[in-house]
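Sequential numbering of the sequence shown, starting at 4, is according to the working numbering.
Virtual Cβ for every residue (Gly too), placed ideally from N, Cα, C.
Only a predicted model underlies this, so the values are computations on that prediction, with no experimental measurement involved.
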Amino acid sequence: MVGLTFDCLANPLGAVRLTFEKAVAAAVSSGLDPSITFSSGADWGALDVFRNFLFNQGGLSHVPILDPTNLHWIQPNTLVRFRGMVQDMLGNEFYVGAFKDGSTWRTNKFTDIPSYPIASSSEMRVWERRLLYCIPVPGQNSWVVEQSPSETMIKRCSSSSSQHGEKRPRDTATDLMEFEVSNHELMDPSSFTKKQREDALPSQSFQTTQESVWDTCSEPSVPEFDRNSLPCLVKIYDTPEADLKLNDVFEFIGVFTFDPELAVHKDNSDEFSNGLCDDALVHLPPSKVPRLHCLVHRKLSVQDFLLSPRVIEPVPSSVRGIREALLRHLTAVLGNDGVAAQCMLLHLLSRVHARVEALAVGKLSLNLTGLSSEAISIFGNQISLAIQSLLPFTQSILLTVEYLNTAALGPKKDYKSNRLLTGVLQLAQGTHLIIDETQLQSGTLNATGVANAQLLKNLMESQKVDYEFQFYKMEMAADVQVLILSEGKSNILPADLVLPFRPAAVSSTINATTTAEELESWRWYLAALRSLPHTIEAEMQKTIEDDMVAARRVDRRLGSEDFSRWLTMARLMSASFGETSLSMEHWQMVKELERLRKERLK
């Protein structure tokens with residue numbers, strides 16, 4: 004489409020309606036019946052317009068990010084972005100997507116409120132959309148928060164909408180309706196219009212303009228959101244179910260809807276809130292849960308959260324210097340314990356890259372032991388701050404008997420509210436989790452404590468978390484880097500690498516001597532090298548097999564888990580140098596690191 008009358012940023016619904024009108028006109032001119040052509044609500048070319056605007060014309064950088072800092076300034080029915088994790092999937096809903104206004108077909112796609120009054124006798128088409136409840140990525144660190152276009156730019160775009168926008172004809176009862184039906188309550192058009200008439204609400208003398216609406220929203224009565232807790236109800240169109248999965252992280256770009264009618268009537272009318280859709284979240288007013296009608300979405304990786312992503316390829320010549328600098332930094336953080344720094348580097352590069360039956364290939368959990376209460380007060384904080392500055396998503400657990408007995412670690416389905424209640428272990432892929440065991444004393448675990456201990460154990464061993472659905476449990480795959488800090492070897496959390504921590508000094512200038520440029524390069528290094536492919540040539544495979552057989556002769560306690568760990572460490576050691584194939588040099592480095600580690604275990 005060329006020469007659109009409407010501004011995609013300030014008036015996306017105008018662009019949607021214009022493309023619909025052109026598509027209807029094209030269908031009519033071709034002798035097709037629009038009611039049949041658009042019976043399913045499939046995209047008619049509107050999405051291409053927005054993709055061109057966002058990615059070819061550079062419009063993406065001008066789209067404001069929906070967060071608590073600018074929520075009160077973003078105009079309704081404008082284009083916004085929301086980055087978050089899919090925390091719950093609320094199923095599908097049906098809505099009147101197209102209807103005939105006299106002789107003209109109109110669409111309600113990408114909105115909650117009809118753009119024109121719908122007469123009870125109107126011909127209409129019911130379409131389907133999916134509902135996702137999304138939250139900011141759990142444990143998202145402050146440095147990954149992308150800056151949104153300024154308030155001035157947002158207001159400028161909003162004011163331009165009056166120049167590029169449409170005048171919305173408004174009716175009384177019918178215009179107050181949100182035409183949506185739950186997937187349990189799809190009706191035929193006749194019963195649907197009957198329901199519409201029965202649930203119609205009297206007009207509240209709505210004369211408010213968009214500007215005055217948002218003047219009202221700026222009042223103290225509007226709830227304040229914490230940056231890390233603002234949820235968003237995302238409505239998905241034209242997307243296969245397999246493309247969006249629970250706990251995946253996405254950037255959703257779409258129409259932000261706020262309507263005072265929804266906020267007032269949905270909040271205050273029991274009859275209306277229990278009307279056409281039975282999910283409680285759908286009926287929360289937009290002032291509590293913002294709504295975004297998604298036009299374009301893209302799955303995000305850890306690299307997408309880097310504020311200054313590098314364009315260089317992660318090849319050995321470009322990463323060796325970064326590796327050396329990062330290793331020096333980790334060594335300083337760990338009190339000049341070089342062995343611990345080497346193990347920490349491999350741990351931070353680990354990820355689950357394959358699954359063979361119950362085995363999660365690629366994970367490398369780390370247990371640093373020997374941390375007394377005095378040592379944890381110094382190095383525990385340093386380690387935590389260092390990892391937070393390097394990785395985008397980090398969480399921590401202070402493990403005690405009381406915590407195990409009371410915490411909600413695993414997600415649980417609440418059938419009364421039809422919600423998946425989140426748990427501490429509902430985490431995005433690539434999250435780092437520190438478990439501090441130094442305050443774990445002897446005590447008695449209740450049923451919750453036993454279940455929580457098993458959840459943590461399963462996460463460590465198989466990178467899976469049980470989600471409870473009342474009468475059954477479902478295993479959900481995870482990819483979480485787990486670091487355990489303890490005084491002795493953890494008895495309940497079996498780590499892949501156990502290393503007695505032996506610091507030699509405490510550095511007080513770690514943060515002072517680290518530059519912003521160094522941090523950016525280290526973040527890029529860890530994000531880019533984690534995803535490198537890796538192979539082991541036939542000759543190296545033979546060498547490794549021979550070395551494993553020889554090691555088995557010396558120590559009969561060695562088993563398949565040890566050999567699997569060695570292979571994982573070898574892959575990670577190669578990756579740390581930017582190599583995609585294991586060399587003899589890096590294999591020897593892994594063997595030496597294992598020798599030094601085992602000496603400490605004696």
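Reduced DSSP secondary structure (H/G/I, E/B, other) of residue i
i	result
residue 319	helix
residue 354	coil
residue 257	strand
residue 410	coil
residue 563	helix
residue 239	strand
residue 360	coil
residue 571	helix
residue 41	coil
residue 244	helix
residue 23	helix
residue 603	helix
residue 398	strand
residue 587	helix
residue 17	helix
residue 107	strand
residue 116	coil
residue 619	Within the shown structure, residues of the chain are numbered from 4 to 605, placing residue 619 beyond reach of any answer.
residue 72	coil
residue 291	coil
residue 57	helix
residue 348	helix
residue 537	coil
residue 366	coil
residue 146	helix
residue 416	strand
residue 96	strand
residue 372	strand
residue 310	coil
residue 131	strand
residue 122	coil
residue 558	coil
residue 90	strand
When the options are compared against residue i, the one with the closest alpha-carbon
i	options	result
residue 488	119, 575, 524, 368	368
residue 303	415, 336, 248	248
residue 63	54, 71, 70	54
residue 443	83, 491, 603	491
residue 76	260, 564, 542	260
residue 96	405, 129, 110	129
residue 536	294, 385, 580	580
residue 546	141, 469, 589	589
residue 421	92, 600, 522, 584	92
residue 26	107, 58, 319, 65	107
residue 507	389, 338, 568	338
residue 407	308, 348, 426, 471	426
residue 601	561, 576, 574	561
residue 309	530, 400, 297	530
residue 332	524, 538, 396	524
residue 410	424, 109, 103	424
residue 20	48, 32, 39, 36	48
residue 122	44, 109, 417, 132	109
residue 132	114, 84, 125	114
residue 243	351, 12, 99, 94	94
residue 375	395, 320, 441, 329	441
residue 251	66, 504, 432	432
residue 541	571, 587, 526	587
residue 79	17, 41, 126	17
residue 89	485, 140, 402	140
Distance between beta carbons of residue j and residue i, contact taken as under 8 angstroms
i	j	result
residue 454	residue 466	With a Cβ gap of about 18 angstroms, residue 454 and residue 466 do not count as contacting.
residue 144	residue 306	Their Cβ separation, rounded to whole angstroms, is 15 angstroms, which puts residue 144 and residue 306 out of contact at 8 angstroms.
residue 446	residue 428	Actually they are not in contact, since the Cβ atoms of residue 446 and residue 428 sit about 21 angstroms apart, beyond 8 angstroms.
residue 434	residue 385	In fact, because the Cβ distance is near 20 angstroms, the residues do not count as touching under 8 angstroms.
residue 295	residue 355	No, residue 295 and residue 355 are not in contact; Cβ-Cβ is about 30 angstroms, not under 8 angstroms.
residue 348	residue 502	Incorrect: roughly 13 angstroms between the Cβ atoms, too far for contact.
residue 46	residue 241	5 angstroms
residue 568	residue 505	About 21 angstroms separates the two Cβ atoms, so there is no contact after all.
Three or more C-beta pairs below 8 angstroms linking the segment 229–245 and the segment 130–141 | The count of Cβ pairs closer than 8 angstroms, one atom from the segment 229–245 and one from the segment 130–141, reaches three, so the stretches are in contact.
Could you name each continuous beta strand (DSSP E) segment of 3 residues or more that falls completely within the segment 477–535, going from the start of the chain to the end?
-> Those beta strand (DSSP E) runs which fall completely within the segment 477–535 and span 3+ residues are 483–488, 500–503.
Inspect the CB distances between the segment 313–328 and the segment 375–387 and report whether three or more fall short of 8 angstroms.
-> no
Write down every uninterrupted run of the beta strand (DSSP E) in the segment 419–481 whose length is 3 residues or greater and which is fully enclosed by it, in chain order.
-> 422–424, 434–439, 467–471, 476–480
Okay, do the segment 334–347 and the segment 445–460 touch, 3+ Cβ pairs below 8 angstroms being the bar?
-> Because the criterion of three Cβ pairs below 8 angstroms is not met, the segment 334–347 and the segment 445–460 do not touch.
For the 8 angstroms Cβ check, are there 3 or more pairs between the segment 472–479 and the segment 565–584?
-> no
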